[in-house]
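Undergrad:
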Amino acid sequence: DGGITQSPKYLFRKEGQNVTLSCEQNLNHDAMYWYRQDPGQGLRLIYYSQIVNDFQKGDIAEGYSVSREKKESFPLTVTSAQKNPTAFYLCASSFPTGPQHFGDGTRLSIL
Amino acid sequence: DAKTTQPPSMDCAEGRAANLPCNHSTISGNEYVYWYRQIHSQGPQYIIHGLKNNETNEMASLIITEDRKSSTLILPHATLRDTAVYYCIVRVLGYGGSQGNLIFGKGTKLSVKP
Chain A
2 DGGITQSPKY LFRKEGQNVT LSCEQNLNHD AMYWYRQDPG QGLRLIYYSQ IVNDFQKGDI
62 AEGYSVSREK KESFPLTVTS AQKNPTAFYL CASSFPTGPQ HFGDGTRLSI L
Chain B
22 DAKTTQPPSM DCAEGRAANL PCNHSTISGN EYVYWYRQIH SQGPQYIIHG LKNNETNEMA
82 SLIITEDRKS STLILPHATL RDTAVYYCIV RVLGYGGSQG NLIFGKGTKL SVKP
């Protein structure tokens, strides 16, 4: 089945540690996105990529990094510089003029 | 992106039609109306989108007023699994630059009751 796979579903980070969230899609979508959702809030855009080897910062990129080496993959690294990383992280993908489709998210917590 | 206004919550009886309204009085001519829903602890699910004509797919129908200042999402036969938060979003087609951002507001919490 075609879709967007995020892993792991739950992730725990120690203070001062970098962690990487995986996002893979087999929909042949050109664009991929990372959002953050806090409890009771809407989504905020972290980074997005329109094509391979290119990406742009969203509204809250500080403390995060991404790479887009393959069309299918768009991993997000939450660095130790992100002071409030506890959140629900959502990955999405789309064709240029199509709607964004989302994965089931990764819930990150701090130990 | 234009702002949208939705009621915070609605109830619907199982098997009946659920009609979810959305106001977007400042929508621009090139902005589409998108609907997503989010079930607790899952990613948002795309439902439908449209520009000015009414749209229908296997999930729902979208009715957009002639002046495009409001729209209604219709779930024709609501089931318990349709209980979710429904988001109405207006944005331009495509993803270039700031258009990449989907701005989710508070949405409408739909509760389908037996």
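Chains A and B are the protein sequences, given in the same order. The numbering used here numbers the first residue of the first sequence as 2 and each following residue consecutively. The numbering used here numbers the first residue of the second sequence as 22 and each following residue consecutively. In this text, a Cβ means the ideal position worked out from N, Cα and C, and glycines have one as well.
1. What does a CB cutoff of less than 8 Å around B:Thr25 pick up in its chain, not counting 5 residues either side in sequence?
2. Measure the C-alpha to C-alpha separation of A:Pro40 and A:Ala88 and round it to an integer number of angstroms.
3. Within 8 Å of any Cβ in chain B, is that where the Cβ of A:Leu22 sits?
4. Quick check: the region 36-55 of chain A against the region 15-26 of chain A, are at least 3 beta-carbon pairs closer than 8 Å?
5. Could you check if B:Gly50 is buried or exposed, using at least 16 other CB atoms within 10 Å of its CB as the buried criterion?
6. In whole angstroms, what is the alpha-carbon distance linking A:Leu12 and B:Lys73?
7. Is the distance from the Cβ of B:Glu35 to the Cβ of B:Lys130 below 8 Å?
8. Let me know the secondary structure DSSP gives B:Arg102 once reduced to three states.
9. Among A:Leu22, A:Glu16, A:Ala82, A:His30, which residue has its Cα nearest to the Cα of A:Val67?
10. What first and last residue would you give for the beta strand (DSSP E) that runs through A:Thr98?
11. Is it true that the region 89-106 of chain B meets the region 53-70 of chain B, where meeting means three or more beta-carbon pairs spaced less than 8 Å apart?
12. When you compare each of A:Gly43, A:Thr80, A:Gln101 to A:Ile111 by their alpha carbons, which one comes out closest?
13. How many angstroms separate the CA atom of A:Ser74 from the CA atom of A:Arg108?
14. Based on the DSSP output, what are the partners of B:Thr129 in its beta bridges?
15. Which residue's Cα is closest to the Cα of B:Asp88: B:Arg37, B:Gln27, B:Glu52?
16. How would you call B:Gly118, buried or exposed, if buried means at least 16 neighbouring beta carbons within 10 angstroms?
17. Quick one: is A:Ser8 buried, meaning 16 or more other Cβ sit within 10 Å of its Cβ, or exposed?
18. Does B:Val7 come out as helix, strand or coil in the three-state DSSP assignment?
19. Who are the neighbours of A:His102 on chain B, taking C-beta pairs under 7 Å?
20. For A:Gln51, which residues from the same chain have a beta carbon less than 6 Å from its beta carbon, with the 5 sequence-adjacent residues on both sides left out?
21. Does DSSP put A:Leu28 in a helix, in a strand, or in coil?
22. Kindly list the residues whose CB is nearer than 6 Å to the CB of B:Ser62, restricted to its own chain and excluding five residues on each side of it in sequence; keep chain order.
23. Looking at the strands, I want to know which residues DSSP matches up with A:Arg37.
24. Give a yes or no on whether 8 Å exceeds the smallest Cβ distance from B:Lys24 to chain A.
TA: Inspection of the coordinates gives the following:
1. Cys43, Asn44, His45, Cys109, Ile110, Val111, Gly126
2. 8 Å
3. no
4. no
5. exposed
6. 43 Å
7. no
8. helix
9. A:Leu22
10. Element bounds for A:Thr98: n/a, residue is neither H nor E.
11. yes
12. A:Thr80
13. 19 Å
14. B:Tyr107
15. B:Glu52
16. Reliability fails at B:Gly118, whose pLDDT of 48 lies under 50, so the model's placement of it is uncertain and the value that follows must be treated cautiously. Per the 10 Å Cβ criterion, exposed.
17. exposed
18. Residue numbering for chain B in the displayed model covers 22 to 135; residue 7 of chain B lies beyond these limits and cannot be assessed.
19. Tyr67
20. Ala32
21. coil
22. none
23. A:Arg45, A:Tyr90
24. no
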